[in-house]
Amino acid sequence: MVRIHTVVAGETLSALALRFYGDAELYRLIAAASAIPNPDVVNVGQKLVFPDYTRYTVAPGDALPAVASRFYGQPELSRLIAAANGIAEGSGLNPGQRLIVPELKRYPVSPGDTLSALASRFYGDSSFYPPIAAVNNIPDPGHINPGQVLVIFSGRSDGFGLRIVDRNESDPRLWYYRFQTAAVGWNPGVNVLLPDDYQTSGRTYPVLYMFHGGADDFRQFDFLGIRDWTAGKPIIVVMPDGGHAGWYSNPVTSFVGPRNWETFHIAQLLPWIEANFRTYAEYDGRAVGGFSMGGFGALKYTAKYYGHFASVSAHSGPASLRRDFGLVVHWANITSAVLDLGGGTVYGAPFWDQARVSADNPVERIESYRNKRIFLVAGTSPDPLNWFDSVNETQVLAGQREFRDLLGRAGIPFEAHEAPGGHVFRPDMFLRDLDGILARLKPAAVVGNVL
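Just so we're aligned, residue 9 is where the sequence shown starts under the working numbering, counting upward by one.
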């Protein structure tokens, strides 16, 4: 649902544009979306629409109808781009000129639809139908026809238990969000990496949820180079916070407030992504992967939420919790107690929640990996002088071998790689993995009538 704001005394469109967008000049965009004829006049109590947008640099030979056709597939919608930029509809464009292109949804009217019902659906207020009527040149708001296609200003906003408290959508591909959520006692961040052509193609894309390792955060893969690795690839990559030692779990105990990462990822973030981006909201449209602790999280979520992910990838992620006297469980409990939970634990201490351990343990959930693409990577030669590297990757390798053996016995196919080195993320393996993910998931395509 797009952002809506009710005007209070003393506010102006330019001040609101600066507040919501960081750019006072975007007052024209608000005026266009809210059907305000005079941007200098707003009234207390008036509701305004704050849509998302793309900045487009005019190329030689461009004209407004061509730009509208490129972004919307309808040259006649050039009038909305013109209004958002404060230029006449028939104006010529200059190479290098920067245009604000509003984000729109195209909605085909169904039998029984009314503008007030659509205003409630898209704007959260049934009385806020006049802007929809004005933008679509509807003379009688009480009369719309089934099959008629309406354009609705759209954007990313709060929902599914998430409230956006910070965002940056200025980069052409990497968009950043920070959320307030009752599931986690601090505000977790999320990077969403878009395909090169996301803002111009109108296509719906498969999505990869990629989870970071321990003692790191949602920026890990951006720092490592994922923008370059995914250049030209038709897939959205979502990279959320998972806690420094959250272990992609709702912990048994926490003494620092809620740290329910599983709830945040599965019940909140996943539906928020699918409501706000053009992704396939279905099994064959989703993959999940991760490094180290994040690789474990990917394996765990894939088994526990069987219908969610068609592909799973664990890059140096542990796949066996109980081997060697439960070393991975002890490690999860210790690290979570020290780094995340103020002495609380993921699995319980001194006595484990045995049902929780079994539910999360990949080697105890073998049948839950049937009919999925599985990609595993582990290092074979950790640094013997580095205790952390040696213990971690030795355990990862042994656990993945156990997991692979059980998959093989069950007749479940997988792709596994043992590579020289220790507990590190291997970009060459990720590139190979990404090609396999794209081959498994539903390909990007223009779907239906909704932009």
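For every residue, glycine included, the Cβ atom is placed at its ideal position computed from N, Cα and C.
>> So, does the stretch 233-246 touch the stretch 448-457, judging by three or more C-beta pairs under 8 Å?
In response: yes
> What three-state label does DSSP hand residue 12 in the structure shown?
Replying inline: Numbered from its first residue, the sequence shown carries residue 12 at position 4. In this structure, residue 12 counts as strand in the three-state DSSP scheme.
> So what's residue 55 in DSSP terms, helix, strand or just coil?
Replying inline: Looking up residue 55 in the sequence shown gives position 47. Look at residue 55 here: in three-state DSSP terms it is strand.
> Taking contact to mean at least 3 C-beta pairs separated by less than 8 Å, is the stretch 191-200 in contact with the stretch 380-398?
Replying inline: no
> What is the DSSP secondary structure of residue 82, reduced to helix, strand or coil?
Replying inline: Here residue 82 refers to the residue found at position 74 when the sequence shown is read from its first residue. DSSP places residue 82 in coil when its eight states are reduced to three.
> Quick one: Cα of residue 47 to Cα of residue 64, how far?
Replying inline: By 1-based counting over the sequence shown, the position of residue 47 is 39. By 1-based counting over the sequence shown, the position of residue 64 is 56. Roughly 23 Å between the two C-alpha positions.
>> Excluding the 5 residues flanking residue 370 on each side, which residues of the same chain have their C-beta closer than 6 Å to its C-beta?
In response: Translated into positions along the sequence shown, residue 370 becomes position 362. The answer, listed in chain order, is 307, 327, 411.
> Between which two residues does the beta strand (DSSP E) carrying residue 159 extend?
Replying inline: As a working note, residue 159 is residue 151 in the sequence shown. Here the beta strand (DSSP E) through residue 159 covers 157-161.
> Which residues in the same chain have their Cβ closer than 7 Å to the Cβ of residue 440, if we skip the five residues on either side of it in sequence?
Replying inline: For the purposes of this step, residue 440 is taken as the residue at position 432 of the sequence shown. No residues qualify anywhere along the chain.
> residue 185 bridges to which residues according to DSSP?
Replying inline: Sequence index remark: in the sequence shown, residue 185 carries index 177 (1-based). Its beta-bridge partners are 175, 198.
> Does the distance from the C-beta atom of residue 361 to that of residue 260 stay below 7 Å?
Replying inline: As a position in the sequence shown, residue 361 is number 353, starting the count at 1. As a position in the sequence shown, residue 260 is number 252, starting the count at 1. Their beta carbons are under 7 Å apart, which means residue 361 touches residue 260 by this criterion.
> Is the stretch 225-238 touching the stretch 276-292 in the sense that three or more CB pairs, one from each, lie closer than 8 Å?
Replying inline: The stretch 225-238 and the stretch 276-292 do not touch, with fewer than three beta-carbon pairs separated by less than 8 Å.
> Looking only at DSSP bridge pairs, what is residue 267 linked to?
Replying inline: Taking the sequence shown and counting its residues from 1, the one referred to as residue 267 is at position 259. Bridge partners of residue 267: 192.
>> Once DSSP output is grouped into helix, strand and coil, what is the label at residue 329?
In response: Here residue 329 is taken as the residue at index 321 of the sequence shown, counted from 1. Looking at residue 329 - three-state DSSP - the assignment turns out to be coil, as it is neither helix nor strand.
> Would you say residue 173 and residue 188 are within 7 Å of each other, going by their C-beta atoms?
Replying inline: Along the sequence shown, read from residue 1 onward, the residue named residue 173 stands at position 165. Along the sequence shown, read from residue 1 onward, the residue named residue 188 stands at position 180. Contact flag set, yes.
>> Quick check: the stretch 210-230 against the stretch 298-305, are at least 3 beta-carbon pairs closer than 8 Å?
In response: Taking a contact to require three or more Cβ pairs closer than 8 Å, the stretch 298-305 and the stretch 210-230 qualify as touching.
>> For residue 426, report the span of its beta strand (DSSP E) as first-last.
In response: Locating residue 426 in the sequence shown gives position 418, counting from the first residue. First-last of the beta strand (DSSP E) with residue 426: 423-427.
> Should residue 159 and residue 211 be called a contact, given that it needs their Cβ atoms to be closer than 7 Å?
Replying inline: Residue mapping note: residue 159 aligns to position 151 of the sequence shown, counting from 1. Residue mapping note: residue 211 aligns to position 203 of the sequence shown, counting from 1. Cβ atoms of residue 159 and residue 211: not closer than 7 Å.
> Helix or strand or just coil, what does DSSP make of residue 451?
Replying inline: Start at 1 with the first residue of the sequence shown, and residue 451 comes out as number 443. Three-state DSSP puts residue 451 in coil, outside helix and strand.
> Using 8 Å as the Cβ pair cut-off and three pairs as the minimum, do the stretch 92-100 and the stretch 33-44 touch?
Replying inline: yes
>> Quick check on residue 118: buried or exposed, where buried means 16 or more other Cβ atoms within 10 Å of its Cβ?
In response: As a position in the sequence shown, residue 118 is number 110, starting the count at 1. Exposed: under 16 other Cβ atoms inside 10 Å.
>> Assuming contact is defined by CB atoms lying nearer than 7 Å, are residue 149 and residue 123 in contact in what I supplied?
In response: The residue labelled residue 149 in the question sits at position 141 within the sequence shown. The residue labelled residue 123 in the question sits at position 115 within the sequence shown. Contact flag set, yes.
> For the stretch 266-281 against the stretch 330-339, are there 3 or more C-beta pairs whose distance is under 8 Å?
Replying inline: Taking 8 Å as the limit for Cβ pairs, the verdict is that the stretch 330-339 does not touch the stretch 266-281.
> Leaving out five residues before and five after residue 62 in sequence, what residues of the same chain have Cβ atoms less than 6 Å from its Cβ?
Replying inline: Taking the first residue of the sequence shown as position 1, residue 62 is located at position 54. Same-chain partners within the cutoff: 109, 207.
> At which residue ranges does the stretch 241-300 contain complete beta strand (DSSP E) runs of 3 or more residues, listed in the order of the chain?
Replying inline: 244-248, 294-299
>> Buried or exposed for residue 368, going by 16 or more other Cβ atoms inside 10 Å?
In response: Taking the sequence shown and counting its residues from 1, the one referred to as residue 368 is at position 360. With 16 or more Cβ atoms within 10 Å of its Cβ, residue 368 is classed as buried.
> Between 316, 417, 310, which lies nearest to residue 383 when the distance is taken from Cα to Cα?
Replying inline: The residue given as residue 383 occupies position 375 in the sequence shown. Residue 310 is the option with its Cα nearest to residue 383.
> Given that a residue counts as buried once 16 or more other Cβ atoms are within 10 Å of its Cβ, and exposed if not, what is residue 455?
Replying inline: For the purposes of this step, residue 455 is taken as the residue at position 447 of the sequence shown. When all chains shown are included, residue 455 counts as exposed.
> Could you give the residue range of the alpha helix (DSSP H) that holds residue 365?
Replying inline: Counted from its first residue, the sequence shown places residue 365 at position 357. Unbroken alpha helix (DSSP H) run through residue 365: 362-368.
>> Comparing C-alpha positions only, which one of 144, 316, 88, 225 sits nearest to residue 252?
In response: Position 244 of the sequence shown, counted from the first residue, corresponds to residue 252. Checked all of 144, 316, 88, 225; the closest Cα to residue 252 is 225.
>> Check for me: the beta strand (DSSP E) holding residue 65 runs from which residue to which?
In response: Here residue 65 refers to the residue found at position 57 of the sequence shown. Taken as a continuous stretch (DSSP letters only), the beta strand (DSSP E) holding residue 65 covers 61-65.
> How big is the Cα-Cα spacing for residue 58 and residue 29?
Replying inline: On the sequence shown, position 50 is the one that residue 58 refers to. On the sequence shown, position 21 is the one that residue 29 refers to. Rounded to the nearest angstrom, the two C-alpha atoms are 9 Å apart.
> Looking at C-alpha atoms only, which residue of 304, 234, 350 is the closest neighbour of residue 1?
Replying inline: Since the first residue of the chain shown is 9 and the last is 459, residue 1 is not available in this structure.
> Under the rule that 16 or more other beta-carbon atoms within 10 Å means buried, what is residue 323, buried or exposed?
Replying inline: One-based indexing of the sequence shown puts residue 323 at position 315. The residue is buried, with at least 16 neighbouring Cβ atoms inside 10 Å.
>> On a Cα-Cα basis, can you pick out the residue from 137, 68, 434, 319 that is closest to residue 12?
In response: On the sequence shown, position 4 is the one that residue 12 refers to. Ranking the options by Cα distance to residue 12, first place goes to 137.
>> Just to confirm my understanding: we take residue 457, look at its own chain, exclude 5 residues before and 5 after, and list those with CB closer than 8 Å. What are they?
In response: The count along the sequence shown starts at 1 and reaches residue 457 at position 449. Confidence at residue 457 is low in this model, with a pLDDT of 43, below 50, so its placement is unreliable and the value that follows should be read with caution. Excluding sequence neighbours, residue 457 sits near 114, 115, 116, 157.
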